[in-house]
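> Below are the structure tokens for one structure; questions will follow.
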Amino acid sequence: MIAKARTAALLGIDAVPVSLEVDLARSGMPAFTLVGLAEGAVREAKERVLSALKNAGHRLPPARITVNLAPADLRKEGSGYDLPLALCLLAAAEVIDAATLDGWHLAGELSLDGSLAPVPGVLPLAIAARGQNARGLIVPRENAAEAAVVRGLSVYGAENLAEAIGIVTGELSPEPVSVDVNALWADQAGMDGAGMDVGDFAEVKGQDHAKRAIEIAAAGGHNLLFVGPPGSGKTMLAQRIPTVLPPLSFEEALEVTKIYSVAGMLPREAALMVRRPFRSPHHTISDAGLVGGGANPRPGEASLAHRGVLFLDELPEFKKHVLEVLRQPLEDGRVTIARAALSLTYPSDFMLVAAMNPCPCGYLTDDRHVCTCQPLAIQRYRSRISGPLLDRIDLQVEVPAVPYDDLKAPRGARDSKTMREGILRARAVQAERYADRGPRLNADLSGSALERWCEVGEAEQRFLEQAVRRLGLSARAYTRVLRIARTIADLDGEPGITVGQLAEAINFRTMDRVNPPQL
Numbered sequence: 016m017i018a019k020a021r022t023a024a025l026l027g028i029d030a031v032p033v034s035l036e037v038d039l040a041r042s043g044m045p046a047f048t049l050v051g052l053a054e055g056a057v058r059e060a061k062e063r064v065l066s067a068l069k070n071a072g073h074r075l076p077p078a079r080i081t082v083n084l085a086p087a088d089l090r091k092e093g094s095g096y097d098l099p100l101a102l103c104l105l106a107a108a109e110v111i112d113a114a115t116l117d118g119w120h121l122a123g124e125l126s127l128d129g130s131l132a133p134v135p136g137v138l139p140l141a142i143a144a145r146g147q148n149a150r151g152l153i154v155p156r157e158n159a160a161e162a163a164v165v166r167g168l169s170v171y172g173a174e175n176l177a178e179a180i181g182i183v184t185g186e187l188s189p190e191p192v193s194v195d196v197n198a199l200w201a202d203q204a205g206m207d208g209a210g211m212d213v214g215d216f217a218e219v220k221g222q223d224h225a226k227r228a229i230e231i232a233a234a235g236g237h238n239l240l241f242v243g244p245p246g247s248g249k250t251m252l253a254q255r256i257p258t259v260l261p262p263l264s265f266e267e268a269l270e271v272t273k274i275y276s277v278a279g280m281l282p283r284e285a286a287l288m289v290r291r292p293f294r295s296p297h298h299t300i301s302d303a304g305l306v307g308g309g310a311n312p313r314p315g316e317a318s319l320a321h322r323g324v325l326f327l328d329e330l331p332e333f334k335k336h337v338l339e340v341l342r343q344p345l346e347d348g349r350v351t352i353a354r355a356a357l358s359l360t361y362p363s364d365f366m367l368v369a370a371m372n373p374c375p376c377g378y379l380t381d382d383r384h385v386c387t388c389q390p391l392a393i394q395r396y397r398s399r400i401s402g403p404l405l406d407r408i409d410l411q412v413e414v415p416a417v418p419y420d421d422l423k424a425p426r427g428a429r430d431s432k433t434m435r436e437g438i439l440r441a442r443a444v445q446a447e448r449y450a451d452r453g454p455r456l457n458a459d460l461s462g463s464a465l466e467r468w469c470e471v472g473e474a475e476q477r478f479l480e481q482a483v484r485r486l487g488l489s490a491r492a493y494t495r496v497l498r499i500a501r502t503i504a505d506l507d508g509e510p511g512i513t514v515g516q517l518a519e520a521i522n523f524r525t526m527d528r529v530n531p532p533q534l
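For the sequence shown, counting from 1, position 495 maps to 510 in the numbering used here; every step adds exactly one.
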């Protein structure tokens with residue numbers, strides 16, 4: 016007898032519907048054959064499922080069993096096929112009625128005792144099930160809340176194989192799992208994407224220039240580089256950036272949650288990623304770890320930071336070829352991983368925040384310490400960051416050592432709440448300006464959109480011409496100056512760009528100078 020069940024395979028961060036078919040023939044020698052381009056964990060499902068069925072009290076008769084995963088040319092990975100395979104085997108053996116599986120979508124890993132363990136990628140699977148007009152989705156109980164954020168789909172969480180059988184046969188009638196999506200945003204203020212308390216900008220003493228740069232970067236979605244001696248607060252500043260970013264919309268939260276779900280990094284108690292991610296990989300990371308890839312491609316840190324912040328501390332310590340792979344995501348907002356058998360695209364629209372010392376010893380710009388570096392050593396140190404990559408970092412800000420008077424002063428007046436209010440106003444201006452016109456933020460402006468929304472007068476043109484000639488700005492740097500000036504104008508509440516705003520924008524391009532003053 017043939018039995019069928021519905022599940023899905025992950026392709027990038029999306030799920031593709033898969034039909035699992037089981038033919039149980041009682042004639043011929045007993046055998047178990049699995050076809051349909053199944054990878055390691057899927058091939059091993061036979062042992063898990065047969066042991067789980069036996070320990071749950073279901074013994075299959077000796078038979079020749081053929082399992083097909085269709086479409087056959089799509090690679091299947093992971094342990095989520097255990098539950099649909101077990102129910103299909105019971106239906107093919109006529110232990111349960113095969114018709115009871117019609118319309119159900121199933122996913123879950125079976126333990127040898129029949130209990131269900133959580134699997135990654137349940138959110139994309141739920142979206143695919145809704146697209147197939149599924150009767151319902153049965154997943155392990157720990158995955159149920161994640162799947163239940165998909166509206167218009169009945170989701171049921173099962174503790175073990177027996178509960179799953181009871182749900183499909185109608186012997187059990189539990190209520191579908193429900194999630195109050197609006198409540199997920201409550202009690203999360205001041206938290207980063209991992210739910211960690213990241214403090215407030217009021218705790219940062221001094222560094223008003225750096226705070227201004229953060230305000231501009233967050234308002235326009237610009238990339239940011241801090242350059243300063245050790246202990247000047249570069250990391251402290253970067254860690255507090257999530258506190259001033261606008262909250263994720265529901266659609267953005269779904270995008271981020273899909274990435275974390277596929278990567279198997281979604282916290283079990285979290286149904287939805289409601290805070291913008293903050294990722295800070297170590298400088299020993301590989302290129303595959305940063306942008307994704309590997310033998311079995313997975314999202315990298317650039318994708319895990321999607322709609323959030325990717326912080327690279329000690330930027331020159333990263334391998335140069337690793338940094339160069341960031342060029343595509345910084346330009347396109349996505350990463351494409353090509354393999355012989357498939358090509359995957361992961362979203363990676365993030366705000367890059369980096370930090371570095373001005374020289375190998377770190378004290379070139381610190382008047383309280385003596386720099387011991389030779390000019391050639393400084394040049395080699397800075398050359399680890401290529402010009403094309405620096406061009407893609409909009410704001411390059413010097414963060415000086417904090418003087419004692421600032422350290423003993425009370426908490427700063429510019430706290431995260433005050434900064435966030437100005438950023439939200441600037442973002443609202445951009446949302447109205449670019450509605451249905453392509454760009455999302457000022458950092459996305461290019462081509463005709465840049466010419467239209469960053470138009471400047473004659474005095475501003477003369478000022479820009481002098482700046483380009485004296486500082487040797489590249490075409491990309493020129494474009495970024497205009498984008499930054501547009502954001503400053505939005506923060507100031509002005510419709511046009513002035514010379515003063517252009518001068519402030521150029522002042523935030525420290526690394527563009529042909530002969531940096533500290534050298």
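In this text, a Cβ means the ideal position worked out from N, Cα and C, and glycines have one as well.
(1) With burial defined as no fewer than 16 other Cβ atoms inside 10 Å of the residue's Cβ, what is the status of L404: buried or exposed?
(2) Does the beta-carbon of Q389 have 16 or more other beta-carbons within 10 angstroms, so that it is buried, or is it exposed?
(3) Thinking just about the alpha-carbon of each residue, which of W200, T250, H237, A416 is nearest to the one in R290?
(4) In the DSSP assignment, find the unbroken beta strand (DSSP E) run with K19 in it and report its ends.
(5) So, using beta-carbon positions, are I512 and A482 closer together than 8 Å?
(6) Run through DSSP, which three-state label would D409 get?
(7) Take L422 and list the residues in its own chain whose beta-carbon comes closer than 7 Å to its own, dropping the five residues that flank it on each side.
(8) Under a Cβ-count criterion, where at least 16 other Cβ atoms within 10 Å of its own Cβ denotes burial, should P45 be classed as buried or exposed?
(9) What are the start and end residues of the alpha helix (DSSP H) that includes M366?
(10) Quick check: what's the CA-CA separation for G167 versus V194?
(11) By how many angstroms is the C-alpha of G248 removed from the C-alpha of T502?
(12) Determine the contact status of N457 and M366, defining contact as a CB-CB distance below 8 Å.
(13) Locate the beta strand (DSSP E) running through V50, then write down its first and last residues.
(14) Going by other Cβ atoms of all chains shown within 10 Å of its Cβ, with 16 needed for buried, is T387 buried or exposed?
(15) I'd like to confirm the pairing. Which residues does DSSP put opposite N175 in its beta bridges?
(16) Taking DSSP's pairing of strands, which residues face S363 in a bridge?
(17) Taking 8 Å as the threshold (C-beta atoms), are V324 and V368 in contact?
(18) Could you tell me if K226 is buried or exposed, where buried requires 16 or more neighbouring beta carbons within 10 angstroms of its beta carbon?
(19) So, at 6 Å on beta carbons, what are the nonlocal neighbours of A204 in its own chain, with the 5 sequence-adjacent residues on each side left out?
(20) Ordered along the chain, which non-local residues of its own chain (more than five positions away) have a Cβ less than 7 Å from that of L75?
(21) Just the Cα atoms here: how many angstroms apart are L176 and L131?
(22) Among E178, I256, H321, G308, which one has its Cα closest to the Cα of S267?
(23) If you draw a straight line from the alpha carbon of V164 to that of L379, how long is it in whole angstroms?
(24) Is D364 buried or exposed, if buried means 16 or more other CB atoms sit within 10 Å of its CB?
(25) Let me make sure I understand the geometry here. Which of G315, L319, P314, D302 has the alpha-carbon closest to that of V340?
(26) Under 7 Å Cβ to Cβ from R524, same chain only, skipping five residues before and after it: list those, please.
(27) Near Q394, what residues of its chain come up, given a Cβ to Cβ distance below 7 Å and the 5 sequence neighbours on each side ignored?
(28) By a C-beta neighbour count over all protein chains shown, 10 Å radius and 16 as the cutoff for buried, is L357 buried or exposed?
(29) How long is the line joining the alpha carbons of L460 and N311, rounded to whole angstroms?
According to the structure shown:
(1) buried
(2) exposed
(3) W200
(4) 17-26
(5) no
(6) coil
(7) K220
(8) exposed
(9) That residue, M366, is in no alpha helix (DSSP H); its beta strand (DSSP E) goes 366-371.
(10) 12 Å
(11) 25 Å
(12) no
(13) 46-50
(14) exposed
(15) S130
(16) In the DSSP output, where bridge partners are listed per residue, S363 has none listed.
(17) yes
(18) buried
(19) Because the pLDDT at A204 is just 46, under 50, the model does not fix this residue reliably, and the point stays unresolved.
(20) L68, L104, A108
(21) 7 Å
(22) In the sequence as presented, Ser is not what sits at residue 267; that position holds Glu. Measuring from the Cα of E267, the nearest candidate turns out to be H321.
(23) 52 Å
(24) buried
(25) D302
(26) Q411, A492, V496
(27) none
(28) exposed
(29) 35 Å
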